[in-house]
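Enquirer:
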Amino acid sequence: MKAAVILLPGLNRDRDMIAALTKISGRAPTTIWQTETSIPSDIDLIVIPGGFSYGDYLRCGAIAARMPVMRAVAERAKAGTRIMGVCNGFQILLEMGLLPGALMRNANLNFVCKEVELEVANAQTAFSNRYEQGQIIRCPVAHHDGNYCADDETLARLKGEHRVVFRYANGTNPNGSVNDIAGILNASGNILGMMPHPENLIEPAHGGDHGRGIFESALDLALA
Amino acid sequence: MKARITVTLKKGVLDPQGKAIEGALGTLGFEGVGGVRQGKVFDVELAHDDKEKAETDLTAMCEQLLANTVIENYAIEIL
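Below is the structure:
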């Protein structure tokens, strides 16, 4: 499968994301600048990385979500292409309306930069099938606005449709997210948004490789 | 023509910043503050004087960019 990384001014995790995709798939992803109006047809996975697009002005991800390339991303989303948004990328997917809910300021108002534990709450998704159901993995987080909220109806639907893919585990919820939600899927299962940074835990130099499974799943890599 | 748009959080949406401000007001000795919700104000200058067009355009601006209607309400005031 071929991956593409969307580039916007103010992102700062794009290089980490490109490095992770390159190391894991053996092939450098295509990069697509915000002013592009189409996505090459051979792209099977679109990744929106983390950072502070447009300085987080107005609302995190709000301005990025209105850039020309995002119309092309939305079209591909509808067509079933896999899309993954990490951190600011998750905020952008919410602002685009591709995922439900919103991310508010962290409950303790602090920027958090640390490692948390995640429970794989659904191991039967296109982004998590290399893990065991209920497996606890380590993953870094670094954000100021990761406090997931949604109305009761949305939360009930997410739960009922098993669309919460990752939950903060063992009391490590760093931001006050409702129901410890760290990552969710859209209804058709081709779009993942998550606050933690799996691209920063993919090799021994990072202190572990628990984040690899997300990329191996999303890229349909052959099992080692 | 000038307009003022006020964006506020919907009822029931958690507002950690409002809570912190409420706490700070208590620290300053202001008693009886029952709650604080933080919002945003946009002053928009329009290059025409067509009130009807202004209302239509400003509503579209709020829906498409200025407010996240998942969590926020907006109010438009033509000044």
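Residue numbers (the working numbering), protein chains in the order written: chain C, 1 to 224; chain W, 1 to 79.
Where a beta carbon is used, it is the ideal one built from N, C-alpha and C, also for glycine.
#1: For my contact list, T6(W) and G34(W) are in at a C-beta cut-off of 8 Å; report their separation, rounded to the angstrom.
#2: With DSSP as the reference, label T59(W) as helix, strand or coil.
#3: Examine chain W for any beta-carbon lying closer than 8 Å to the beta-carbon of E95(C), and answer yes or no.
#4: Three-state secondary structure (DSSP) at V165(C)?
#5: Are any of the Cβ atoms in chain W nearer than 8 Å to that of A142(C)?
#6: Under 6 Å Cβ to Cβ from A67(W), same chain only, skipping five residues before and after it: list those, please.
#7: Pull out every residue of the region 58-71 of chain W whose Cβ sits closer than 7 Å to any Cβ of chain C, in chain order.
#8: With distance defined between alpha-carbon atoms, name the residue in G193(C), C149(C) and I63(C) nearest to R82(C).
#9: Quick one: list the residues of chain W neighbouring L158(C), beta-carbon separation under 9 Å, in chain order.
#10: Tell me, to the nearest whole angstrom, how far the beta carbon of A54(W) is from that of L46(W); I am working on the premise that it is less than 8 Å.
#11: I13(W) CB to nearest chain C CB: under 8 Å?
#12: Taking the beta carbon of T59(W) as the centre, do at least 16 other beta carbons fall within 10 Å, making it buried, or is it exposed?
#13: G50(C) and G101(C) look like a contact to me (Cβ under 8 Å); what is the Cβ gap, rounded to whole Å?
#14: So if I threshold CB-CB distances at 7 Å, which residues from the region 13-35 of chain W count as touching chain C?
#15: Where does P140(C) sit, in a helix, a strand or coil, going by DSSP?
#16: Below 8 Å on C-beta distance, what does N106(C) contact in chain W?
#17: Among D57(W), I71(W), T69(W) and C62(W), which residue has its Cα nearest to the Cα of M1(W)?
#18: Would you call the CB atoms of D44(C) and E199(C) closer than 8 Å?
#19: State the DSSP-derived secondary structure class of M195(C), mapped to helix, strand or coil.
#20: Please list the residues of the region 23-54 of chain C that have a C-beta atom closer than 7 Å to any C-beta atom in chain W, keeping them in chain order.
#21: I want to see whether chain W comes within less than 8 Å of G101(C), judged by CB atoms only; does it?
#22: Between A72(C) and chain W, is there a C-beta pair that is closer than 8 Å?
#23: Could you tell me which whole beta strand (DSSP E) segments of length 3 or greater appear in the region 15-97 of chain C?
#24: How long is the line joining the alpha carbons of G18(W) and A24(W), rounded to whole angstroms?
#25: What is the DSSP secondary structure of T125(C), counted as helix, strand or coil?
#26: What number of angstroms, rounded off, separates the C-alpha of G97(C) from the C-alpha of V13(W)?
Expert: Once the coordinates are examined:
#1: So it is not a contact: roughly 20 Å between Cβ atoms.
#2: Helix.
#3: Taking 8 Å as the CB threshold, E95(C) lines the interface with chain W.
#4: Of the three classes helix, strand and coil, the one that applies to V165(C) here is strand, per DSSP.
#5: Contact of A142(C) with chain W is not assigned, every C-beta pair being separated by 8 Å or more.
#6: Cβ within range, chain order: V7 and Y74.
#7: If the cut-off is 7 Å between Cβ atoms, the region 58-71 of chain W has L65, N68, V70 and I71 near chain C.
#8: Closest by alpha carbon: G193(C).
#9: Proximity of chain W to L158(C) at the Cβ level (cut-off 9 Å) is not reached, the minimal Cβ distance being about 14 Å.
#10: Taking a contact as a CB-CB distance under 8 Å, the pair A54(W) and L46(W) counts as one, their CB atoms being some 5 Å apart.
#11: Note on residue identity: the sequence assigns Val, not Ile, to residue 13(W). Closer than 8 Å: yes.
#12: T59(W) should be labelled exposed.
#13: Incorrect: roughly 18 Å between the Cβ atoms, too far for contact.
#14: Per Cβ criterion, the list reads V13, L14, P16, Q17 and A20.
#15: P140(C) falls in the strand class under three-state DSSP.
#16: In chain order: P16.
#17: Per the Cα distances, D57(W).
#18: Their beta carbons are not under 8 Å apart, which means D44(C) does not touch E199(C) by this criterion.
#19: Reduced to three states, the DSSP call for M195(C) is coil.
#20: Near chain W, meaning a CB-to-CB distance below 7 Å, no residue of the region 23-54 of chain C qualifies.
#21: Cβ-Cβ to chain W under 8 Å: yes for G101(C).
#22: Taking Cβ atoms only, chain W never reaches closer than 8 Å to A72(C), which makes this a no.
#23: Along the length of the region 15-97 of chain C, whole beta strand (DSSP E) runs at least 3 residues long occupy 30-33, 45-48 and 82-86, reported in chain order.
#24: Going by C-alpha positions, G18(W) is about 10 Å away from A24(W).
#25: DSSP places T125(C) in coil when its eight states are reduced to three.
#26: Cα to Cα, G97(C) sits roughly 18 Å from V13(W).
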